[in-house]
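Working notes, beginning with the structure itself.
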Amino acid sequence: MPADQLDAARAKGDLKFDFFVRQVAESVRSGDRILQNAIEEFVAAPSDFVSEAELDRLGVRSGIDA
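In my numbering, the protein residues as written are 7 to 72.
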């Protein structure tokens with residue numbers, strides 16, 4: 007990165023970090039489960055690999071939160 011753009015890049019990074027910190031603080035204040043929500047977003051469900059109709063036909067969905 008060119009030297010003349012470093013200050014602007016740092017300022018932008020500082021703003022993004024401050025926004026992130028505010029989001030985390032708000033989640034903690036509201037009792038939100040940050041780690042659990044993050045895990046749920048990234049864990050694959052059976053429906054990520056096959057269609058809903060296939061899951062129903064195979065009876066795989068019973069007892070699974072899809």
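The beta carbon of each residue, even a glycine, is placed where N, CA and C say it ideally should be.
- For residue 8, the secondary structure class from DSSP, reduced to helix, strand or coil, is coil.
- Within the model, the alpha-carbon separation for residue 57 versus residue 48 is close to 19 Å.
- Bounds of any alpha helix (DSSP H) do not take in residue 54, whose DSSP letter is neither H nor E.
- The three-state reading of DSSP puts residue 19 in helix, counting H, G and I together.
- Between the alpha carbons of residue 28 and residue 61 lies a distance of about 40 Å.
- Taken atom to atom, the span from the alpha-carbon of residue 65 to that of residue 52 is near 12 Å.
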